Amino acid sequence: MKRSNEPIFWSLFGAGGVVVAFILPMLIFITGIAVPLGILPHEVMEFERIRDFADAWQGKLFIFAVISLTLWHSAHRIFLSLHDLGIHWGRGFFRWLCYGFAGFCTLLTVYLLMHI
Amino acid sequence: MADAKKTIEIEILRYRPDQDQEPVWQSYQVPFTDDMSVLQGLQYIKDHLDGTVSFRWSCRMAICGSCGMMINNKPMLSCKTFLREFYPAKIQIEAMRHLPIEKDLIVNIDDFIGKLESIKPYIIPKAARSLEQGEYLQTPAQRDKYEQFSSCINCLLCYAACPQYGLNPEFTGPGVLALLHRYNADSRDGASAERMAVVNADTGVWGCTLVGYCSEVCPKQVDPAAAVNRNKVNSTLDYFYRMLIPKGEASE
Amino acid sequence: MTTRKPYIRSMQGWWLKNTFYKKYMIREATSIFAAIYALILLEGLMALASGAAAWNDWLVSMRSPVAVIFHLLALAAAIYHTITWFAVSPKVAPNIIIGKQKVPAVAITALQYAIAAILYLTLLWVALSI
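Chains as they are written, first to last, in the working numbering: chain A, 1 to 116; chain B, 1001 to 1252; chain C, 2001 to 2130.
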């Protein structure tokens, strides 16, 4: 029986799922609700502060992990959900689309972080 | 004169291959007492109302695994489910989902049997053993590693629950993978590597998306979802290990 | 013996048939919100790399009613993901034996909530103090 290559995507899915569970709720709250609505001071997200954060390797790692792993997690889940919804045609195409998009965004994230 | 007898409506999805194009619902009024199982309700129908209703059953005590069916759209054993849980509402009974209906409540389980055979569901010793060596010794801790998975009664409720099996019958499925794990986790067995070929395939553990309904419906608390998903970890670790050290290369 | 003509039932609309399946599909759908949020962050990263003006434009766009409503939905989705992830991850773990007792699934779930609480507060603290 041919061995599946799913372990690669499942590992990325799992890592991304951990990021979404342990980081995203508070991060969404801070960046998408608290600062925009003034619950937290707008200085929290002012340019110099975030720029300094992204200059440090820890900041780059954090930003990379959040963006890239979340997208790998969602790519896997969305691809599998197409099957759940009964969309069985174009499996190869959708696999390339979903994972390819996550891969492209990962590369873009790395590129941007290297130029900050 | 006794009080008017209580009755409960049982609606069965009938299918007679020689006369029906499609399954059709048929309703029966069954006398109700609060100690009756759904199986006893079906037996009343067959014995007194309609002898043509067909269904599997045997032990009446949730150990043989014969009487699985959809009861109000949930996979359940009819001997372990009681009419009083539903009374006075109607009960709808259908053959286990995701499996072909042969007749009425009887499904074809050949696929399951074939897959079960393919995983070698028996102890394959690590090394040949003679009678003089005596019995295997196993500590309670060693037994605990596989015991829950050995409780499987092959009732197929997990297959009726698993939408991935319904969407793709090539998927090995929860029950067989749980039984595979039962043998791999048994200290007496030495054939893990052989069985991993089934685990590692696209139709092995990778067909599972952890819906988890299988473990929810299992009448014996086998937790097939755990068996499958632990083996995703095993399969993944082995996948990356094999990238570093491919099989067939000398390790020294 | 009667002729055999096995009947195969359709899987159409399978997930609408019971609550367990519906909750599963909602769980899967939370990943759409997570993906969009990640793309919003990526957009922010592009703005950050472009300079202060672009960054401030991005901050303004995050204040729009549509953006805030999206983030409220995304927060709900992320929380539902977290609840279902913590509930289900014990299934991936092997039996953990401490002393002679097997660690129950609820303990693994509870431990994850504890770690999450610490991480959320740490993130908030870092955001407020960097």
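Where a beta carbon is used, it is the ideal one built from N, C-alpha and C, also for glycine.
Given the structure is predicted, the values throughout are model-derived calculations rather than measurements.
Checking the DSSP bridge columns, you'll see Thr1007(B) partnered with Pro1031(B).
Neighbours of Phe53(A) in chain C, taken as residues at a C-beta separation under 8 Å, are given in chain order as Ile2130.
The beta-bridge partner set that DSSP reports for Met1070(B) consists of Pro1075(B) and Glu1094(B).
Annotation for Glu1102(B): the continuous beta strand (DSSP E) segment containing it runs Ile1101 to Lys1103. Listed along chain B, the residues sitting closer than 7 Å to Ile2008(C) by beta-carbon distance are Pro1100.
Pairwise C-beta distances place the segment 89-109 of chain A out of contact with the segment 1015-1033 of chain B, as fewer than three of them are shorter than 8 Å. Fewer than three Cβ pairs drawn from the segment 1045-1054 of chain B and the segment 2031-2041 of chain C lie within less than 8 Å of each other, which leaves the two stretches out of contact. The segment 1054-1061 of chain B and the segment 1071-1090 of chain B touch, with no fewer than 3 CB-CB distances between them shorter than 8 Å. The way I'd put it, the segment 1197-1205 of chain B doesn't touch the segment 2070-2079 of chain C; fewer than three beta-carbon pairs between them come closer than 8 Å. Against Arg77(A), the close residues of chain C are Glu2028 and Ser2031, in the order they occur along the chain (beta-carbon pairs closer than 8 Å).
Short of 6 Å from the beta carbon of Phe1171(B), and not among the five residues preceding or following it, lie these beta carbons of its own chain, in chain order: Gln1164, Tyr1165, Thr1203 and Gly1207.
Unbroken beta strand (DSSP E) stretches of 3 residues or longer found wholly inside the segment 1134-1186 of chain B: none. The residue from Pro7(A), His88(A), Phe62(A) and Phe94(A) with its alpha-carbon nearest to that of Leu2041(C) is Phe62(A). Under the three-state reduction of DSSP output, Phe1055(B) falls in the coil class, being neither helix nor strand. The alpha-carbon of Ala1141(B) is positioned some 18 Å away from that of Ala1226(B). The beta-carbon of Gly1212(B) is placed less than 8 Å from the nearest beta-carbon of chain C. Shortest Cα-Cα distance from Thr1007(B) to any of Met1036(B), Asp1111(B), Arg1014(B) and Gln1019(B) involves Met1036(B). Distance from Leu1177(B) to Pro1121(B) at the Cβ level is roughly 11 Å; contact not present, criterion being Cβ atoms closer than 8 Å. Shown here, Val1217(B) sits in a helix according to DSSP, grouped into three states. The straight-line gap separating the alpha-carbon atoms of Ala2054(C) and Tyr2021(C) is approximately 44 Å. The secondary-structure analysis by DSSP pairs Trp1025(B) across a beta bridge with Leu1013(B).
Residues of chain A with a Cβ closer than 7 Å to the Cβ of Gln2012(C) are, in chain order, Gly86. For Pro2094(C), at least one C-beta of chain B is nearer than 8 Å to its own C-beta. Residue-level contact check: Gly100(A) does not touch chain C, since none of the beta carbons of chain C fall below 8 Å from its beta carbon.
Using a Cβ-Cβ distance cut-off of 8 Å, the segment 70-86 of chain A and the segment 11-29 of chain A are in contact, since at least three pairs of beta carbons, one from each stretch, lie closer than that value. By the beta-carbon neighbour count (other beta carbons within 10 angstroms, threshold 16), Tyr2113(C) is exposed. At a Cβ-Cβ threshold of 8 Å, Met2062(C) and Gly32(A) count as neighbours.
Using a CB distance below 8 Å, the part of the segment 1213-1236 of chain B facing chain A consists of Lys1232, Ser1235 and Thr1236, ordered along the chain. Leu1157(B) and Gln1138(B) have their C-alpha atoms roughly 31 Å apart. The beta-bridge partner set that DSSP reports for Ser1037(B) consists of Phe1082(B).
By the C-beta criterion, the segment 2080-2098 of chain C is judged to be in contact with the segment 2014-2030 of chain C, since at least 3 inter-stretch pairs fall below 8 Å.
Among the CB atoms of chain A, one or more fall inside 8 Å of the CB of Thr1209(B). In the three-state DSSP reduction, Asp1050(B) falls in the coil class, being neither helix nor strand.
Of the residues Pro7(A), Met1(A) and Phe29(A), the one whose Cα lies closest to the Cα of Leu2124(C) is Phe29(A). Shown in chain order are the members of the segment 1064-1080 of chain B whose Cβ falls below 8 Å from a Cβ of chain C: Asn1073 and Lys1074. With 16 or more other CB atoms across the displayed protein chains lying within 10 angstroms of its CB, Tyr1015(B) is buried.
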